[in-house]
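Start counting the sequence shown at 0; every next residue gets the next number (numbering that gives the first Met the number 0). C-beta: ideal position from N, C-alpha, C; glycine also. Bear in mind the structure is a predicted one, so any value in this text is a computation, not a measurement. Report on the following structure.
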Amino acid sequence: MRLTILGATGSIGCSTADVIQRHPDKFSAHALIGHQNTERMLQLAEQLHPQWVVMTDAAAARSMEGKLPAGVRLEAGMDAAMELSAASETDMVMAAMVGSAGLPATLAAVSAGKRVGLANKECLVTAGNIFMQTARASGATIVPVDSEHAAVHQCLMGHDHQSVAKVILTASGGPFRDRAPATLIDVTPEEAIAHPNWDMGAKISVDSATMMNKALELIEARWLFDLSAGQLSAIIHPQSIVHALVEYTDGSVLAQLAMPDMRMPIAYAMQSEPRLASGIDWLDLARTEQLTFQAVDEQRFPAMRMVRHVMSSENSLAIAMNAANEVANQAFRKRRIGFMDIVSTVEKVLDRVENIPVGELDEVWSHDAKARALANEVIAS
Ligand SMILES: NC(=O)c1ccc[n+]([C@@H]2O[C@H](COP(=O)([O-])OP(=O)(O)OC[C@H]3O[C@@H](n4cnc5c(N)ncnc54)[C@H](OP(=O)(O)O)[C@@H]3O)[C@@H](O)[C@H]2O)c1
């Protein structure tokens, strides 16, 4: 199977490269797509020898000229990423760019009917209706890579959709689960990015600390599994061993467990059956001291209260929530706002946007742009 990896230079991209290298008889890289990290891309190109390397940032691509291994061709720009995602030489696309920037190339792969390993949740939050309709029309297979959604996918296998009562996503609660709320105002980007269980990119790590990540994941699950808002909830599980639970109408609950290492859901997305060796540690429950669960405290994590409002509204609000969060998350990482300002910025934007159905891609981008402008205004004030 020939893969095109969108976001190859990121955390999920590099874990995907690791799984490919464990199974050289089964997988190869057709194209590696990065944005600005040329050093990482050069290493990956040496390891995987793809046909193509694309840097979506033109200056980054220029700086790589003449440096790639012989036979690896170089391109620049998002159009090249879209073209290679849809190319006949690509059998599968790993969609792991961060943010709604990943939507055009992921959608190109879906339109071309590819197998798509979907890590980029922002795609579905922003354009879930368009994305899923396109997949139905093209026959694309979408396999979730987010560990919670990969868990749900496994728990649903072989079961009737009508028998599903509830889907519960687990959340570690991030680094500030037990920190005194009054001290959250002083949180630094370094503290927010240091996740206790998962080694992830900077944006998703901050999203985990605010629990905006779980809010985005609830919307993602809604589209992926065709569920109502009332069927979805989240629970804090600090050990990140149980990734999700599915409760059936007879009261039976199925859960999926694994050590917290993204190579497991990545390997599952690449080949679901028979299972692949993913390289993760075996789960030894006898040595796992405790598996604990607690309700989400919505005072501490207002993003979780906000998402219930967003899920019971029209999809313009989900677009605005995602876009405002991308802006606020980045402003926090650049020390322009405090940690507590991230979710409050999103809330202020949601108070000011239209609550209307959005069904076309150009409308999606226009709502996204308006919400980004409003978020920047809120931050500037
Ligand atoms: N990491 C995890 O464990 C995990 C788990 C579940 C879901 N996810 C989801 O997977 C996606 C990627 O997460 P990650 O942690 O791998 O992020 P990451 O480490 O920050 O990597 C992000 C990737 O996206 C590229 N990128 C950044 N801005 C871009 C832009 N404007 N246009 C095109 N490409 C751009 C980066 O390129 P350069 O680095 O070359 O600039 C990099 O390859 C996110 O949607 C996240 O929510 C991640």
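Cβ-heavy atom distance, residue i to ligand 1, below 6 Å
| i | result |
| --- | --- |
| S171 | no |
| I378 | no |
| N119 | yes |
| I318 | no |
| D145 | yes |
| A58 | no |
| A126 | no |
| G358 | no |
| G9 | yes |
| H158 | no |
| I203 | yes |
| T55 | yes |
| G381 | Any question about residue 381 goes unanswered here, given that the chain covers just 0 to 380. |
| Q35 | yes |
| M91 | no |
| M96 | yes |
| A382 | Residue 382 cannot be examined here, being either before or after the span of the chain that is shown, 0 to 380. |
| G6 | yes |
| M81 | no |
| P229 | In the sequence as displayed, the identity of residue 229 is Gly instead of Pro. Not so, every heavy atom of ligand 1 lies at least 6 Å from the Cβ. |
| M199 | yes |
| M258 | no |
| G116 | no |
| G70 | no |
| G278 | no |
| G12 | yes |
| M261 | yes |
Expected contact under 8 Å - CB spacing of residue i and residue j to nearest Å
| i | j | result |
| --- | --- | --- |
| I279 | A243 | Not a contact, Cβ separation roughly 17 Å. |
| A80 | I11 | At roughly 16 Å, the Cβ-Cβ gap does not stay under 8 Å, so A80 and I11 are not in contact. |
| A30 | T3 | 4 Å |
| V92 | S99 | So it is not a contact: roughly 17 Å between Cβ atoms. |
| M339 | I184 | 5 Å |
| I32 | A7 | 6 Å |
| H194 | G173 | 6 Å |
| M210 | A170 | 6 Å |
| V97 | K25 | Actually they do not touch by this definition, with Cβ atoms about 27 Å apart. |
| V352 | A370 | 6 Å |
| F175 | A136 | Not a contact, Cβ separation roughly 43 Å. |
| E297 | R304 | 4 Å |
| L290 | V363 | That pair is no contact at about 39 Å. |
Collapsed DSSP secondary structure at residue i in the structure displayed
| i | result |
| --- | --- |
| Q50 | coil |
| T105 | helix |
| S271 | coil |
| L215 | helix |
| E74 | strand |
| M131 | helix |
| K120 | helix |
| E246 | strand |
| K347 | helix |
| L61 | Note on identity: in this sequence residue 61 is Arg, with Leu being the wrong assignment. DSSP places R61 in helix when its eight states are reduced to three. |
| T381 | The question about residue 381 has no answer, for the chain in this structure spans 0 to 380. |
| A254 | strand |
| A228 | helix |
| V163 | strand |
| M199 | coil |
| G388 | In the structure as shown, the chain begins at 0 and stops at 380. Residue 388 is therefore absent and cannot be evaluated. |
Whether residue i touches residue j by CB criterion (7 Å)
| i | j | result |
| --- | --- | --- |
| S27 | R61 | no |
| P103 | M77 | yes |
| N321 | T125 | yes |
| L47 | A16 | yes |
| V348 | N314 | no |
| R149 | Y247 | The displayed chain sequence assigns Ala, not Arg, to residue 149. No. |
| M131 | W222 | yes |
| V144 | P273 | no |
| Q230 | V166 | yes |
| V109 | T133 | yes |
| L217 | V306 | yes |
| A214 | A302 | yes |
| R262 | V18 | yes |
Residue from the options with nearest C-alpha to residue i
| i | options | result |
| --- | --- | --- |
| S277 | N354, H22, V142 | H22 |
| E147 | G70, M339, Q329, I235 | I235 |
| E88 | W281, G70, K113, L67 | K113 |
| V377 | D350, I265, L215, A69 | D350 |
| L41 | W364, R72, V18 | R72 |
| N390 | F331, E362, K25 | Nothing can be reported for residue 390, as the shown portion of the chain is limited to 0 through 380. |
| A372 | A319, A75, K333 | A319 |
| V345 | R304, N324, A139, Q329 | N324 |
| K120 | D159, A136, G101, D296 | G101 |
| T140 | F224, R307, Q289, R304 | F224 |
| A75 | M54, A69, V241, S239 | M54 |
Ligand 3 heavy atom lying under 6 Å from the CB of residue i
| i | result |
| --- | --- |
| N324 | Here the bound small molecules are ligand 1; ligand 3 is not part of this structure. |
Test: residue i CB closer than 7 Å to a CB of chain B
| i | result |
| --- | --- |
| A104 | Chain labels in this structure do not include chain B; a single protein chain is all it has. |
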